[in-house]
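Engineer: Chain order of the listed sequences is A and B. Add 65 to the 1-based position in the first sequence for my numbering, that's all there is to it. Add 2 to the 1-based position in the second sequence for my numbering, that's all there is to it. Every residue, glycine too, gets a C-beta built ideally from N, C-alpha and C. A quick note: this is a predicted structure, and the numbers were derived from the prediction, not measured.
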Amino acid sequence: MNIKILGSGCANCVNLERAAREAVAGLGIEATFEKVTDYAEIASYDVLRTPGLVVDGQLVLSGRVPTARQVSELLAPLVG
Amino acid sequence: MTVTVGRPPRTRAVQRWALLGVAAAAWWALYTVNLPVWNWLIGDVVGLDLGTRLGSGVHFFFYDTVKIVLLLGGIIFVVTVLRSFMSVERTRALLGGRREGVGNVLAAGLGVVTPFCSCSAVPAFIGFVASGVPLGVTMSFLIASPLVNEVAIALLLGLFGVGPTALYVGAGLVIATVAGFIVGRLKMERFVEAFVYETRLRGKVLDADTTLTWEDRIRMGLEEVSSILRRIWPYLLIGIGLGAAIHGWAPTDFFAKYAGADNPFGVLLAVVAGIPLYSNAAGVLPLVEALHDKGLPMGTLLAFMMATVALSLPEMILLRRVLKPRLIATFVVITGLGIIAVGYLFNAVL
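Okay, here's the thing in structure tokens:
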């Protein structure tokens with residue numbers, strides 16, 4: 066699983082990454098993490114409000130920092 | 003998809019609203035006892051005479067810090083919870099295909115109610131423009147959003163009451179509408195960085211709020227309060243400190259003499275001083291409050307505050323990623339002129 070954290074580096078992105086890493090650890094899955102800070106690339110995912118969470122090329126969440134449990138709920142159905 | 007653990011949902015809901023009710027009552031109690039407690043502590047316990055410079059300065063500092071933190075906490079929480087029903091995605095959908103004019107008015111209004119922070123200004127700009135929202139309409143949104151923000155509204159309400167707050171919000175909306183409209187009329191699309199128009203939006207649009215529960219909204223409210231307070235406390239303390247110093251030490255007619263109602267350049271001076279000053283509403287308002295006590299007219303002070311929050315250097319540097327200098331300069335000049343006009347208007351009618 067490839068997970069991208071979209072955001073220009075404000076506190077929200079750090080918190081989102083923490084929640085995502087926690088969720089991945091909790092689910093016991095393999096995932097690579099990538100940080101996307103380039104505005105053109107962030108915008109290409111149609112994120113209007115950072116931070117954004119992209120899983121395997123698909124935007125699954127944007128505009129808020131979820132809890133680790135909420136990320137798990139988003140990731141669980143995507144584990145293939 | 004929220005999994006309820008232990009108690010049935012009904013009990014949890016009752017518990018949640020009861021807790022919020024208790025918190026609201028505690029907030030009100032603290033707000034009410036703030037003044038008498040500091041009168042007693044500074045006046046009787048420490049033994050300072052509240053009529054002296056030192057006494058009134060120290061009293062102003064503590065009393066104002068508590069008052070402003072309470073106001074910010076309460077109002078940011080309520081506003082964030084209400085705003086969680088709105089999203090930038092929905093705003094863009096509402097603005098798509100609007101003509102200029104109506105679009106500018108709508109964009110300015112939505113700029114006030116949409117949850118948004120300036121750290122998202124660049125992706126939002128690209129997302130709006132690339133999906134076909136006109137440049138001028140997008141600018142109306144981007145001007146209104148920081149200009150009429152919840153921190154400013156919270157503090158104005160608490161420190162000056164409903165009248166000046168309504169004037170501020172109304173003036174902010176008019177400035178954002180008109181400035182965006184003019185930018186649109188000037189046909190400045192070629193001063194937007196080329197990659198913005200080349201951006202291809204892929205994937206489905208997510209609407210952030212469709213899956214939110216009340217628990218999520220309340221949690222977001224609490225997180226927003228703590229994140230804003232953590233971000234602005236240095237500005238707040240410096241602002242209140244300066245305010246306290248002015249309150250206690252500055253001679254009463256000092257500022258009135260240089261920037262008072264009689265000085266025709268007062269508003270101009272205030273705006274020019276406000277632009278390079280990088281602060282936010284929380285840092286500026288304690289200062290504004292102290293200057294108001296010293297007899298400065300409200301129009302001059304509101305213009306000063308608007309210039310500080312709407313036109314800031316960091317914001318311009320951020321926008322430089324998507325706008326060429328010519329467009330940024332145009333935006334600053336038009337918004338600045340709008341603020342100056344509003345300042346003179348308020349001084350004349352108030």
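Using a Cβ-Cβ cut-off of 6 Å (strictly less than) and excluding sequence neighbours within five positions of VAL89(A), which residues of its own chain qualify?
Structural biologist: If we look at VAL89(A) and ignore the five residues flanking it on each side, its Cβ neighbours are ALA96.
Engineer: If contact means a Cβ-Cβ distance below 7 Å, which residues of the stretch 96–123 of chain A contact chain B?
Structural biologist: Result list: TYR104, ALA105, ILE107, ALA108, SER109, TYR110, ASP111, VAL112, LEU113, ARG114, THR115, GLN123.
Engineer: Please state the DSSP three-state secondary structure of ILE177(B).
Structural biologist: In this structure, ILE177(B) counts as helix in the three-state DSSP scheme.
Engineer: For GLU99(A), count the other beta carbons within 10 Å of its own beta carbon; 16 or more makes it buried, fewer makes it exposed. Which is it?
Structural biologist: Exposed.
Engineer: Output, in chain order, the set of chain A residues within a Cβ distance shorter than 7 Å of ALA126(B).
Structural biologist: What ALA126(B) touches in chain A: LEU113, ARG114.
Engineer: Chain A beta carbons: is any one of them nearer than 8 Å to that of GLY98(B)?
Structural biologist: No, GLY98(B) does not count as interfacial toward chain A.
Engineer: Judging by CA-CA distance, which residue of GLU152(B), LEU84(B), GLY129(B), GLY45(B) is the nearest neighbour of LEU231(B)?
Structural biologist: Looking at the Cα atoms, GLU152(B) is the closest of the given residues.
Engineer: Just to confirm, is the Cβ distance from SER142(B) to ALA109(B) under 8 Å?
Structural biologist: The answer is yes: Cβ separation under 8 Å.
Engineer: Which residues in chain A have a C-beta closer than 9 Å to the C-beta of ARG94(B)? List them in chain order.
Structural biologist: Residues of chain A passing the Cβ test: LEU113.
Engineer: Are the stretch 42–54 of chain B and the stretch 11–21 of chain B in contact at 8 Å, needing three or more beta carbon pairs?
Structural biologist: No, the stretch 42–54 of chain B is not in contact with the stretch 11–21 of chain B.
Engineer: Under 8 Å, Cβ to Cβ, is there at least one residue of chain B near GLY91(A)?
Structural biologist: So, not an interface residue.
Engineer: Compute the distance between the beta-carbons of LEU224(B) and PHE87(B), then report whether it is under 8 Å.
Structural biologist: Against a cut-off of 8 Å, the Cβ pair of PHE87(B) and LEU224(B) comes out as no contact.
Engineer: Measure how close the beta-carbons of LEU289(B) and LEU244(B) come, nearest whole angstrom, since I'm counting them as under 8 Å.
Structural biologist: Confirmed, Cβ separation roughly 6 Å.
Engineer: Name the DSSP bridge partner or partners of PHE98(A)?
Structural biologist: For PHE98(A), which the question treats as bridged, DSSP gives the partners ILE68(A).
Engineer: Which of helix, strand or coil does DSSP assign to VAL35(B)?
Structural biologist: Looking at VAL35(B) - three-state DSSP - the assignment turns out to be helix.
Engineer: With 8 Å set as the bound, which would you pick, yes or no: does the beta-carbon of GLU191(B) sit closer than that to a beta-carbon of chain A?
Structural biologist: Output row for GLU191(B): interface = no.
Engineer: Going along the chain, which residues of its own chain have a beta-carbon closer than 7 Å to the beta-carbon of THR6(B), five neighbours each way excluded?
Structural biologist: Residue confidence is low: THR6(B) scores 48 on pLDDT, short of 50, so the model does not pin down where it sits. Its coordinate-derived value is still stated next. Same-chain partners within the cutoff: ARG14.
Engineer: Where do the N-terminal and C-terminal ends of the beta strand (DSSP E) with LEU118(A) fall, by residue?
Structural biologist: Residues 117–120.
Engineer: Is it right to say PRO278(B) is buried, meaning 16 or more other beta carbons lie within 10 angstroms of its own, or is it exposed?
Structural biologist: Exposed, because fewer than 16 other Cβ atoms sit within 10 Å of the Cβ of PRO278(B).
Engineer: Considering SER127(A), what are the terminal residues of the beta strand (DSSP E) in which it resides?
Structural biologist: It spans 123–127 - the beta strand (DSSP E) in which SER127(A) sits, taken as one unbroken run.
Engineer: If we cut at 8 Å on Cβ distances, does PHE197(B) have a partner in chain A?
Structural biologist: So, interface residue.
Engineer: Please list the partners that SER73(A) has in chain B, where partner means a Cβ-to-Cβ separation under 7 Å.
Structural biologist: Going along chain B in sequence order, the residues near SER73(A) (Cβ under 7 Å) are CYS121.
Engineer: Given that ALA88(A) touches chain E, what residues does it touch there, using C-beta distances under 8 Å?
Structural biologist: No chain E is part of this structure, whose protein chains are labelled A and B.
Engineer: Count the CB pairs spanning the stretch 95–103 of chain B and the stretch 117–126 of chain A that are closer than 8 Å, and state whether there are at least three.
Structural biologist: Short answer: they don't touch.
Engineer: Going by C-alpha distance, which of ILE94(A), LEU71(A), VAL112(A), LEU143(A) is nearest VAL101(A)?
Structural biologist: It is LEU71(A).
Engineer: What does VAL90(B) reach in chain A if we use C-beta pairs closer than 8 Å?
Structural biologist: Ordered by position in chain A, the residues that pass the 8 Å Cβ test against VAL90(B) are LEU113, ARG114, GLY128.
Engineer: Report the three-state DSSP secondary structure of VAL135(B) (helix, strand or coil).
Structural biologist: Reduced to three states, the DSSP call for VAL135(B) is coil.
Engineer: Which whole runs of the beta strand (DSSP E) in the stretch 250–336 of chain B are 3 residues long or more, in chain order?
Structural biologist: Listed in chain order, nothing qualifies, since the stretch 250–336 of chain B has no complete beta strand (DSSP E) run of 3 or more residues.
Engineer: CA-CA distance, ILE177(B) and THR337(B)?
Structural biologist: Distance between the alpha carbons of ILE177(B) and THR337(B): 7 Å.
Engineer: Helix, strand or coil for VAL227(B) per DSSP?
Structural biologist: The answer is helix: DSSP assigns VAL227(B) an H, G or I state.
Engineer: Between THR337(B) and chain A, is the shortest Cβ-Cβ distance under 8 Å, so that the two count as touching?
Structural biologist: Closer than 8 Å: no.
Engineer: Which residue's Cα is closest to the Cα of VAL334(B): LEU74(B), ASN106(B), ASN41(B), ALA309(B)?
Structural biologist: Considering only alpha carbons, the answer is ALA309(B).
Engineer: Any C-beta of chain A within less than 7 Å: which residues of the stretch 105–120 of chain B qualify?
Structural biologist: Residues passing the 7 Å Cβ filter: PHE118.
Engineer: On a CA-only basis, which of VAL71(B), VAL124(B), PHE193(B) is nearest TRP29(B)? Give me that one, please.
Structural biologist: When each option's Cα is compared against that of TRP29(B), the closest is VAL71(B).
Engineer: As an exercise, report each continuous alpha helix (DSSP H) stretch of at least 4 residues that is fully enclosed by the stretch 77–154 of chain B, in chain order.
Structural biologist: Taking only runs of at least 4 residues, the alpha helix (DSSP H) segments lying wholly in the stretch 77–154 of chain B are 90–97, 104–115, 123–132, 137–149.
Engineer: Does DSSP classify GLY194(B) as helix, strand or coil?
Structural biologist: Note on identity: in this sequence residue 194(B) is Val, with Gly being the wrong assignment. Of the three classes helix, strand and coil, the one that applies to VAL194(B) here is strand, per DSSP.
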